[in-house]
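Trainee:
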Amino acid sequence: MASLHKKIVTLFEETADMLEVNNENPFKVRAFRNAARAVEGVGKKIEDMAQQGKLEEINGVGKSIAEHIQDIIHHGTFPEYQKLHKQIPSEVLEMLSIPGVGAKKARTLWKELNIKSIKALEHACHKHLVSEFSGFGKKSEEKILAGIEGLKKFSDLFRFDEANAEAAKLLSYLKKSSHLIQLELGGSLRRHKEICKDIDLIASSNKPNKLMDYFVAYPEVASVINKGTTKSSVKLQSGINVDLRVVSDEDFPFALHHFTGSKEHNVALRTLAKAKGFKLNEYGLFKGKKEIFVSCKNETDLFKHFGMDFIPPELRENQGELEAAQDHALPDLVTLSDLKGVLHCHSTYSDGKNSMEEMALAAKDEGFSYIGITDHSHSAAYAGGMKLADIKRQHKEIDALNKKLKEIQILKGIEVDILEDGSLDYKNEVLALFDFVIASVHSRFKMGEKKMTERICTALASPYVDILAHPTGRLLLEREAYEVNLAQVIECAAKNGVAIEMNANPRRLDIDWRYGKLLKEKKVKSCISPDAHSTDQLDFCNYGIGIARKGWLEAGDILNTLSADALLKHFSQMRKKRRC
DNA sequence: GCCGTTTTCGGCCCGACTGTTTTCAGTCG
Numbered sequence: 002m003a004s005l006h007k008k009i010v011t012l013f014e015e016t017a018d019m020l021e022v023n024n025e026n027p028f029k030v031r032a033f034r035n036a037a038r039a040v041e042g043v044g045k046k047i048e049d050m051a052q053q054g055k056l057e058e059i060n061g062v063g064k065s066i067a068e069h070i071q072d073i074i075h076h077g078t079f080p081e082y083q084k085l086h087k088q089i090p091s092e093v094l095e096m097l098s099i100p101g102v103g104a105k106k107a108r109t110l111w112k113e114l115n116i117k118s119i120k121a122l123e124h125a126c127h128k129h130l131v132s133e134f135s136g137f138g139k140k141s142e143e144k145i146l147a148g149i150e151g152l153k154k155f156s157d158l159f160r161f162d163e164a165n166a167e168a169a170k171l172l173s174y175l176k177k178s179s180h181l182i183q184l185e186l187g188g189s190l191r192r193h194k195e196i197c198k199d200i201d202l203i204a205s206s207n208k209p210n211k212l213m214d215y216f217v218a219y220p221e222v223a224s225v226i227n228k229g230t231t232k233s234s235v236k237l238q239s240g241i242n243v244d245l246r247v248v249s250d251e252d253f254p255f256a257l258h259h260f261t262g263s264k265e266h267n268v269a270l271r272t273l274a275k276a277k278g279f280k281l282n283e284y285g286l287f288k289g290k291k292e293i294f295v296s297c298k299n300e301t302d303l304f305k306h307f308g309m310d311f312i313p314p315e316l317r318e319n320q321g322e323l324e325a326a327q328d329h330a331l332p333d334l335v336t337l338s339d340l341k342g343v344l345h346c347h348s349t350y351s352d353g354k355n356s357m358e359e360m361a362l363a364a365k366d367e368g369f370s371y372i373g374i375t376d377h378s379h380s381a382a383y384a385g386g387m388k389l390a391d392i393k394r395q396h397k398e399i400d401a402l403n404k405k406l407k408e409i410q411i412l413k414g415i416e417v418d419i420l421e422d423g424s425l426d427y428k429n430e431v432l433a434l435f436d437f438v439i440a441s442v443h444s445r446f447k448m449g450e451k452k453m454t455e456r457i458c459t460a461l462a463s464p465y466v467d468i469l470a471h472p473t474g475r476l477l478l479e480r481e482a483y484e485v486n487l488a489q490v491i492e493c494a495a496k497n498g499v500a501i502e503m504n505a506n507p508r509r510l511d512i513d514w515r516y517g518k519l520l521k522e523k524k525v526k527s528c529i530s531p532d533a534h535s536t537d538q539l540d541f542c543n544y545g546i547g548i549a550r551k552g553w554l555e556a557g558d559i560l561n562t563l564s565a566d567a568l569l570k571h572f573s574q575m576r577k578k579r580r581c
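One gets our numbering by counting positions in the first sequence from 1 and adding 1 to each.
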């Protein structure tokens with residue numbers, strides 16, 4: 002997310018927290034949370050929208066919030082935020098991150114007990130000062146202390162791949178239970194969000210008590226947070242929380258839909274249901290005032306009742322999917338089997354762990370018909386970047402391998418560094434040796450948005466650059482993206498016929514799915530690339546597919562759904578276009 | 001504060017679990 006987007010989202014979320022602590026109108030609180038979500042999902046540059054007076058076109062942004070956004074753009078903050086910030090110490094807000102402490106409790110602790118920070122709260126709990134107060138008991142103290150311990154020990158966010166691996170193990174454990182009828186993954190994992198807070202599982206059973214007993218007995222459970230007949234929560238040893246919901250088999254489609262979310266999608270669908278005379282919750286769809294249960298076999302059936310096509314879980318973010326489903330205009334999302342080859346892979350010629358032959362054979366085993374070997378260019382010394390002699394040696398070896406190997410073709414590619422001034426790490430005559438060129442930024446991240454945008458756009462104007470790789474350089478939960486105006490970069494890519502990579506490495510997942518619609522609108526192609534540094538990383542493509550689907554992308558939007566011949570023809574046509 | 005098939009005012013999704021209290025408020029998703 003661009004830094005301004007992020008700033009607006011943070012300020013609105015903090016405002017919502019502060020309003021809540023101040024016990025103000027809950028709907029105003031919700032309005033700020035909605036606005037934060039809405040801004041987060043905007044794939045366009047917010048400054049441009051502000052300048053064009055289009056902020057109020059964002060669903061959830063009205064006159065007042067549009068003014069706040071203008072204030073943030075020009076002054077970095079807005080008056081209402083500053084006023085609240087003066088009243089409420091920021092450490093009081095930090096207490097909201099403790100599980101079980103919400104706005105009301107935080108307010109009571111602060112106003113009645115003069116506790117203003119997590120540290121002070123921990124001290125007060127140890128001294129049993131909290132349990133003496135009305136509304137809090139011994140258990141509350143224990144829960145707060147356990148929550149504080151948890152905060153110290155674990156970050157509460159996990160990358161998709163980490164959460165998915167934990168979920169897969171747990172699913173296979175639960176499937177062994179004889180008390181289970183149906184079981185599915187739900188929540189943000191099913192929606193393929195790049196970052197997850199927890200794992201949601203939905204099951205149907207005739208003996209929920211027994212299933213819950215089996216669930217909390219999972220050997221990797223570190224602690225049981227709560228246990229009931231329809232909902233239980235545990236924390237695993239890895240630190241991630243898991244919620245299991247159990248319903249009757251008849252209710253399963255409704256529960257699955259409900260707990261897949263997103264919250265915003267659910268609210269929108271329920272509002273729509275209400276307008277059509279239905280009530281929708283996790284236990285069913287109910288018609289009319291008498292609330293007659295409407296049976297549904299599955300989610301497809303459920304959507305059908307609203308005149309909608311089935312909405313793939315990845316799209317359920319209330320970003321226009323309900324309207325598209327009603328108009329029968331949902332995209333035909335790309336799938337793994339659409340990919341004919343992979344384009345961004347490293348070998349022992351730079352920092353890869355496997356030889357080109359090993360990489361090619363592994364790609365063939367994955368069902369691909371071509372692999373683009375793209376080792377690092379000279380400047381990437383940390384990654385063993387190639388000198389001219391290495392390139393010649395590599396190309397000779399590729400020619401020999403292409404004669405020897407059946408059913409897999411190796412394309413000669415390069416991942417060339419974009420230098421500080423936007424020039425490329427090799428001269429044009431060297432770049433001309435390759436079938437295709439991927440360009441990327443690996444150095445000087447902190448040059449500021451304007452310079453970085455110019456740097457990348459300069460590179461995209463090179464006649465030889467075919468693909469821009471990992472356009473923001475982010476490492477999820479590790480390193481922030483460098484500041485860059487992606488909307489402008491996409492514009493440049495459109496002008497020059499350059500594709501923008503969907504880097505499928507689960508630490509990157511860059512370009513962000515929120516830009517998918519803009520790529521489509523500007524007719525900029527993407528490619529789903531594993532950025533594999535070993536044979537086992539070729540299956541990173543799975544993660545990239547999830548993110549591409551989340552960005553509404555179809556096979557026709559993705560370059561590596563083309564055959565090798567068609568792909569090379571595409572690159573050659575675009576290079577001609579750039580030279581004109 | 002937002003929004004409109006209930007349309008410029010009045011409603012805004014809905015239910016489970018927990019802890020503390022004895023009927024419910026707070027938290028969470």
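Using N, Cα and C, we set each Cβ at its ideal position, and we do this for glycine too. If you're wondering where the values come from, they're calculated on a predicted model, not measured in any experiment.
1) Using the Cα positions of L85 and I182, report the straight-line distance between them to the nearest angstrom.
2) Based on DSSP bridge pairs, tell me the residues matched to E416.
3) F28 to N242, Cα distance in whole Å?
4) Applying the 10 Å Cβ sphere with the 16-neighbour rule, what's the burial state of F1?
5) Pick out whichever of R509, F541, H180 has its Cα sitting closest to the Cα of E643.
6) By DSSP's criteria, I529 is part of a beta bridge. Which residues make up the other side?
7) Following the continuous beta strand (DSSP E) through R246, name the residue where it begins and the one where it ends.
8) Does the contact criterion of 3 or more C-beta pairs under 8 Å hold for the region 112-123 versus the region 46-60?
9) Tell me whether N210 sits in a helix, a strand or coil according to DSSP, three-state version.
10) Roughly how far, in whole angstroms, is the beta-carbon of L539 from the beta-carbon of E416, given that I think they are within contact range, below 8 Å?
11) So what does F541 bridge to, in DSSP terms?
12) When you compare each of S263, V485, A482, Y465 to A500 by their alpha carbons, which one comes out closest?
13) Could you check whether A223 and L190 sit closer than 8 Å to each other, using their CB atoms as the reference points?
14) Am I right that A505 and F446 are in contact with their C-beta atoms under 8 Å? What's the rounded C-beta distance?
15) Take the Cβ of P314 as the centre, count every other Cβ of all protein chains shown within 10 Å, and call the residue buried at 16 or more, exposed below.
16) Let's test the definition: count the other Cβ atoms within 10 Å of the Cβ of F435 and tell me whether it reaches 16, buried, or not, exposed.
17) Assign F319 to one of two classes, buried (16 or more other C-beta atoms within 10 Å of its C-beta) or exposed (fewer than that).
18) Indicate the three-state DSSP secondary structure (helix, strand or coil) for M309 in the structure shown.
19) Identify every residue that forms a DSSP beta bridge with S233.
20) Please report the straight-line C-alpha distance between H258 and W553, rounded to a whole angstrom.
21) Residues bridged to M387 by DSSP?
22) The alpha helix (DSSP H) spanning I491 covers which residue range?
23) Just to confirm the assignment: which complete beta strand (DSSP E) runs, minimum length 3, are found wholly within the region 421-467?
24) Ordered along the chain, which non-local residues of its own chain (more than five positions away) have a Cβ less than 7 Å from that of V30?
25) Specify, as a first and last residue, the run of the alpha helix (DSSP H) that D18 falls within.
26) Just to confirm the assignment: which complete alpha helix (DSSP H) runs, minimum length 4, are found wholly within the region 250-288?
27) Quick one: what does DSSP say L402 is sitting in, helix, strand or coil?
28) Out of curiosity, what's the CA-to-CA distance linking T336 and R550?
29) Rounded to a whole number of angstroms, what is the C-alpha to C-alpha distance between D537 and K365?
30) Measuring only the C-alpha atoms, how far is A363 from L568?
31) Hey, would you say I372 sits closer than 8 Å to G342, going by beta carbons?
32) Which two residues bound the contiguous beta strand (DSSP E) that contains L344?
33) If you count every other CB in all the chains shown that lies within 10 Å of the CB of S463, and 16 or more means buried, which is it?
34) Return the CA-CA distance between L237 and D302, expressed in angstroms with no decimal places.
35) With DSSP collapsed to three states, give me the class of L186.
36) L563: which of G385, K452, S527, M387 sits nearest, CA to CA?
Mentor: On the basis of the supplied data:
1) 50 Å
2) H377, I439
3) 29 Å
4) Here the chain covers residues 2 to 581 and nothing more, so residue 1 does not appear.
5) In this structure the chain extends from 2 to 581, so residue 643 is not present and cannot be described.
6) M503
7) 242-248
8) no
9) helix
10) Incorrect: roughly 16 Å between the Cβ atoms, too far for contact.
11) Answer is none; F541 lacks a bridge partner.
12) Y465
13) no
14) About 21 Å separates the two Cβ atoms, so there is no contact after all.
15) buried
16) buried
17) In the sequence as displayed, the identity of residue 319 is Asn instead of Phe. N319 is buried by the Cβ-count criterion.
18) coil
19) K228, L245
20) 20 Å
21) S378
22) 487-497
23) 437-441
24) A17, L20, E21
25) 4-22
26) 253-261, 264-276
27) helix
28) 8 Å
29) 13 Å
30) 21 Å
31) yes
32) 342-346
33) buried
34) 35 Å
35) strand
36) S527
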